[in-house]
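Enquirer: Our numbering numbers the first residue of the sequence shown as 86 and each following residue consecutively.
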Amino acid sequence: MQKLIIKGKKELSGKISISGSKNATLPILAASILAEHAIIKNIPLVKDIFTMVDLLNFIGLKTKLIKKNNVIEIYNKSKNINTLAPYKLVKTMRAGVLVLGSLLTKYKKAKVSLPGGCAIGTRPVDLHLFALKKFGAKIKIKDGYIIAKARSGLKGANIRFPSISVGATENALLAAFKAKGKTVLKNCAIEPEIIDLIKFLKKLGANIHVKGRSISISESKKKTSSVLHKVIFDRIELGTYMIASTLLAKKNLVIDKIDPKIIQREINILKKIGIKIIQKKNSIIVKKREKLKKISITTKPYPGFPTDLQAQLMVLLTQVKGKSKIKEDIFENRFMHVPELRRMGAQIEIKNKTAIITGPTKLTGAEVMATDLRASVSLVLAGLIAENRTIINRIYHLDRGYESLERKLKNCKAEIQRI
Ligand code: UD1
């Protein structure tokens with residue numbers, strides 16, 4: 086099994102280019118079932134994307150992944166379509182459940198494995214199914230599979246989500262794409278990745294209008310079968326490297342291939358802690374800061390502070406004077422990095438949903454274990470600022486979502502190596 090070995094306390098300098106967003110690419114790949122031909126640019130070459138491509142191939146689409154350009158070309162002209170998403174492909178990547186909306190829209194039926202729980206929580210799909218039923222789909226669960234049918238096609242619906250879910254909003258958008266009549270979705274997730282999916286669907290002819298947390302979709306007679314789309318940058322990867330730079334940049338570190346406008350809220354929160362950032366059109370320069378301010382923060386759906394940056398922020402807060410607090414309000418079990426960070430010297434206490442971080446503490450290298458994607462990268466950050474050597478086990482979690490992590494960090498003079 087592969088491990089990462091990091092020799093900490095090395096200053097970072099140079100430039101890091103941010104990859105395309107994994108969480109935007111996954112629903113867009115699921116939406117490509119609705120097109121006859123799609124070219125998608127700026128896709129990150131990470132394990133979850135490869136799994137989604139395997140799923141599209143299994144369904145019967147033809148895919149051509151041009152790795153050196155981060156581009157995928159997808160054709161869906163086959164008559165032999167398999168409206169099945171098998172367990173082996175959905176169990177490792179929950180986003181597989183997003184093909185449900187597209188398959189129901191295009192083929193009026195789908196059999197998709199239930200994704201099951203994962204390390205960070207139970208992660209049910211009840212809200213996805215709640216929405217699809219409102220569109221008129223008949224759904225039953227049998228042998229671990231969601232079996233959905235809409236013999237006469239999906240019908241427009243008024244849906245208010247009882248709570249906000251990224252995946253359920255995406256599945257509802259995919260179902261609403263060709264639903265008869267008008268659809269209004271309320272209490273939606275409006276993450277930038279969802280807005281990117283909407284852009285893709287609009288290029289395919291959808292009439293979609295977003296106002297606050299309401300999204301209306303009216304039936305479109307327009308038929309566009311071919312679409313070209315460039316995926317937005319990964320704001321979580323950007324946030325991760327912004328935190329690394331704040332702690333370790335030699336002077337200034339440039340992070341490019343981004344649009345600062347899209348992550349203004351995250352930038353403002355990080356500025357409150359004292360991070361110094363100079364914004365340019367497609368890049369930012371992050372300055373190393375010694376004097377940072379403690380903070381109390383709760384993770385929330387966009388435009389709140391993202392749960393996907395919670396573990397990385399916690400590492401930063403171990404270096405801040407005083408007691409900071411992070412309340413995790415999205416997932417029930419997303420503090421698994423805490424015992425590992427404690428083993429490196431961090432002082433973190435957990436009370437119910439809140440982690441109380443006392444700083445500043447000197448972190449020292451240790452052998453640690455990655456438990457999920459974002460927890461893994463928080464251990465990388467901790468290893469980068471710790472004294473001596475940190476060994477991170479089970480790094481396959483990292484490979485699910487961070488493109489070329491070691492290369493990007495090595496280019497900035499970090500000492501990091503995979504064995
Ligand atoms: C997406 C992101 C993930 C991010 C999360 C929250 C992708 C591929 N993944 O995951 O990185 O951490 O948003 O920003 O984009 N829930 C239900 N019932 C449902 C669906 C969700 O109770 O049917 C709950 C979940 O258990 C969780 C909360 O709602 O507590 C939010 O989950 P959701 O927004 O759906 O996350 P994902 O789409 O799975």
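Where is the CB? At the ideal position from N, CA and C, for every residue including glycine.
Taking DSSP as the reference, what is the three-state secondary structure of Met-327?
Expert: One-based indexing of the sequence shown puts residue 327 at position 242. Residue state, collapsed to three classes: helix.
Enquirer: Helix, strand or coil for Gly-290? Go by DSSP, reduced to three states.
Expert: Taking the first residue of the sequence shown as position 1, residue 290 is located at position 205. Coil.
Enquirer: Sorted by chain position, which residues of the same chain lie with C-beta nearer than 6 Å to Lys-194's C-beta, five sequence neighbours on each side aside?
Expert: On the sequence shown, residue 194 is found 109 positions in, with the first residue counted as 1. So the qualifying residues of the chain are Thr-168, Lys-234.
Enquirer: Measuring from the CB of Phe-416, is there a heavy atom of the ligand UD1 at a distance below 6 Å?
Expert: The residue you call residue 416 lines up with position 331 of the sequence shown. For the ligand UD1, at least one heavy atom lies less than 6 Å from the Cβ of Phe-416.
Enquirer: Which class does Glu-158 belong to by DSSP, given the choice of helix, strand or coil?
Expert: Locating residue 158 in the sequence shown gives position 73, counting from the first residue. If DSSP states are grouped into helix, strand and coil, Glu-158 belongs with the strands.
Enquirer: How is the alpha helix (DSSP H) around Glu-452 delimited, first residue to last?
Expert: Here residue 452 refers to the residue found at position 367 of the sequence shown. Per DSSP, Glu-452 belongs to no alpha helix (DSSP H); it is in the beta strand (DSSP E), 452-454.
Enquirer: List the whole-angstrom C-beta distance separating Ala-440 from Val-465, where the pair is believed to meet the contact cut-off of C-beta under 8 Å.
Expert: For the purposes of this step, residue 440 is taken as residue 355 along the sequence shown, with counting starting at 1. For the purposes of this step, residue 465 is taken as residue 380 along the sequence shown, with counting starting at 1. 19 Å between Cβ atoms; not a contact.
Enquirer: Can you confirm whether the stretch 131-145 touches the stretch 163-180 when touching is taken to mean that 3 or more C-beta pairs between the two stretches lie within less than 8 Å?
Expert: These segments touch.
Enquirer: Contact check, Ile-501 vs Lys-495 under 8 Å by CB: the rounded distance?
Expert: As a first step, residue 501 must be located in the sequence shown, where it is residue number 416. As a first step, residue 495 must be located in the sequence shown, where it is residue number 410. Confirmed, Cβ separation roughly 6 Å.
Enquirer: Do you know offhand how far Ile-435's Cα is from Phe-390's?
Expert: The sequence position of residue 435 within the sequence shown is 350, counting from 1. The sequence position of residue 390 within the sequence shown is 305, counting from 1. Going by the C-alpha atoms only, they are around 19 Å apart.
Enquirer: Tell me whether the stretch 153-160 and the stretch 172-185 touch, counting them as touching only if at least three CB pairs, one residue from each stretch, are closer than 8 Å.
Expert: No contact exists between the stretch 153-160 and the stretch 172-185.
Enquirer: Below 8 Å on the Cβ atoms is my guess for Ile-241 versus Ala-261; work out the distance and round it to an integer in Å.
Expert: Translated into positions along the sequence shown, residue 241 becomes position 156. Translated into positions along the sequence shown, residue 261 becomes position 176. In the sequence as displayed, the identity of residue 241 is Gly instead of Ile. Confirmed, Cβ separation roughly 7 Å.
Enquirer: If distances are taken between C-alpha atoms only, which option among Gly-229, Thr-392, Phe-135, Pro-129 comes closest to Asn-418?
Expert: In the sequence shown, residue 418 corresponds to position 333, counting from 1. Looking at the Cα atoms, Thr-392 is the closest of the given residues.
Enquirer: Since I believe Gly-450 is in contact with Thr-475 (beta carbons under 8 Å), could you give me their beta-carbon distance rounded to a whole number of angstroms?
Expert: In the sequence shown, residue 475 corresponds to position 390, counting from 1. In the sequence shown, residue 450 corresponds to position 365, counting from 1. Going by Cβ atoms, the distance from Thr-475 to Gly-450 rounds to 4 Å, so yes, they are a contact pair.
Enquirer: Is the distance from the Cβ of Lys-219 to the Cβ of Ile-249 below 7 Å?
Expert: On the sequence shown, position 134 is the one that residue 219 refers to. On the sequence shown, position 164 is the one that residue 249 refers to. Not in contact: Lys-219 and Ile-249 (Cβ atoms no closer than 7 Å).
Enquirer: Using only CA atoms, which one of Ile-480, Ala-396, Lys-153 lies nearest to Ile-442?
Expert: Sequence index remark: in the sequence shown, residue 442 carries index 357 (1-based). Out of Ile-480, Ala-396, Lys-153, Ala-396 has the C-alpha closest to the C-alpha of Ile-442.
Enquirer: Is there at least one non-hydrogen atom of the ligand UD1 closer than 6 Å to the beta-carbon of His-213?
Expert: The residue you call residue 213 lines up with position 128 of the sequence shown. Answer for His-213: yes, Cβ within range of the ligand UD1.
Enquirer: Chain D beta carbons: is any one of them nearer than 7 Å to that of Lys-271?
Expert: Absent from the structure: chain D. Only one protein chain is present.
Enquirer: Check whether the Cβ of Arg-320 lies closer than 6 Å to any heavy atom of the ligand UD1, and answer yes or no.
Expert: Along the sequence shown, one-based indexing puts residue 320 at 235. Checking the Cβ of Arg-320 against the ligand UD1 gives no.
Enquirer: When DSSP builds the beta bridges, which residues end up paired with Ala-440?
Expert: Residue mapping note: residue 440 aligns to position 355 of the sequence shown, counting from 1. Note: Ala-440 sits in a beta bridge opposite Ile-411, Ile-435.
Enquirer: Taking buried to mean at least 16 other C-beta atoms within 10 Å of its own C-beta, is Ser-330 buried or exposed?
Expert: In the sequence shown, the residue the question calls residue 330 occupies position 245. Buried: at least 16 other Cβ atoms inside 10 Å.
Enquirer: Taking DSSP as the reference, what is the three-state secondary structure of Arg-503?
Expert: The residue given as residue 503 occupies position 418 in the sequence shown. Strand at Arg-503.
Enquirer: What do you get for Pro-129, buried or exposed, if any count of 16 or more other CB atoms within 10 angstroms of its CB means buried?
Expert: Along the sequence shown, one-based indexing puts residue 129 at 44. Buried, since its Cβ has 16 or more Cβ neighbours within 10 Å.
Enquirer: Going straight from the alpha carbon of Ile-293 to that of Leu-114, what length do you get?
Expert: Residue numbering aside, residue 293 sits at position 208 when the sequence shown is read from its first letter. Residue numbering aside, residue 114 sits at position 29 when the sequence shown is read from its first letter. Approximately 19 Å, taken between the alpha carbons.
Enquirer: For the alpha helix (DSSP H) containing Arg-350, name the first residue and the last one.
Expert: Translated into positions along the sequence shown, residue 350 becomes position 265. Start and end: 349-358.
Enquirer: Given a cut-off of 7 Å on the beta-carbon distance, is the pair Lys-99 and Gly-468 in contact?
Expert: In the sequence shown, the residue the question calls residue 99 occupies position 14. In the sequence shown, the residue the question calls residue 468 occupies position 383. It is Gly, not Lys, that sits at residue 99 in the sequence shown. No, Cβ-Cβ distance for Gly-99 and Gly-468 is not below 7 Å.
Enquirer: For Leu-448, tell me which candidate among Pro-209, Gln-432, Arg-427, Ala-471 has the shortest Cα-Cα distance.
Expert: As a first step, residue 448 is located in the sequence shown; it is residue number 363 there, counting from the start. Here the closest residue by C-alpha is Ala-471.
Enquirer: Hey, could you find the ends of the beta strand (DSSP E) Ile-232 is sitting in?
Expert: On the sequence shown, position 147 is the one that residue 232 refers to. Taken as a continuous stretch (DSSP letters only), the beta strand (DSSP E) holding Ile-232 covers 230-234.
Enquirer: What does the Cβ neighbour count give for Lys-263, buried or exposed, with the cut at 16 atoms within 10 Å?
Expert: Stepping through the sequence shown from its first residue, residue 263 is reached at position 178. The residue in question, Lys-263, is buried, as its Cβ has 16 or more Cβ neighbours within 10 Å.
Enquirer: Going by the beta-carbon positions, is the gap between Lys-315 and Asn-127 smaller than 7 Å?
Expert: Counting from one through the sequence shown, the residue named residue 315 turns up at place 230. Counting from one through the sequence shown, the residue named residue 127 turns up at place 42. Their beta carbons are under 7 Å apart, which means Lys-315 touches Asn-127 by this criterion.
Enquirer: Should Thr-383 and Asp-414 be called a contact, given that it needs their Cβ atoms to be closer than 7 Å?
Expert: The residue given as residue 383 occupies position 298 in the sequence shown. The residue given as residue 414 occupies position 329 in the sequence shown. Yes, they are a contact pair.
Enquirer: Suppose you measure from the CA of Ile-232 to the CA of Leu-189; what does that come to, to the nearest Å?
Expert: Along the sequence shown, one-based indexing puts residue 232 at 147. Along the sequence shown, one-based indexing puts residue 189 at 104. Ile-232 and Leu-189: Cα-Cα distance of roughly 10 Å.
Enquirer: From this set, Gly-324, Leu-332, Val-371, which residue's C-alpha is nearest Arg-350's C-alpha?
Expert: Along the sequence shown, one-based indexing puts residue 350 at 265. Measuring from the Cα of Arg-350, the nearest candidate turns out to be Gly-324.
Enquirer: Rounded to the nearest angstrom, what separates Leu-458 and Leu-199 at their Cα positions?
Expert: For the purposes of this step, residue 458 is taken as residue 373 along the sequence shown, with counting starting at 1. For the purposes of this step, residue 199 is taken as residue 114 along the sequence shown, with counting starting at 1. Cα to Cα, the separation comes out at about 21 Å.
Enquirer: Whole beta strand (DSSP E) runs in the stretch 106-149 with 3 or more residues, listed along the chain?
Expert: Entirely contained in the stretch 106-149, the beta strand (DSSP E) runs reaching 3 residues are, in chain order, 122-126.
Enquirer: Using DSSP bridges, identify the partner residues of Gln-364.
Expert: Numbered from its first residue, the sequence shown carries residue 364 at position 279. Answer by DSSP bridge pairing, in chain order: Ile-369.
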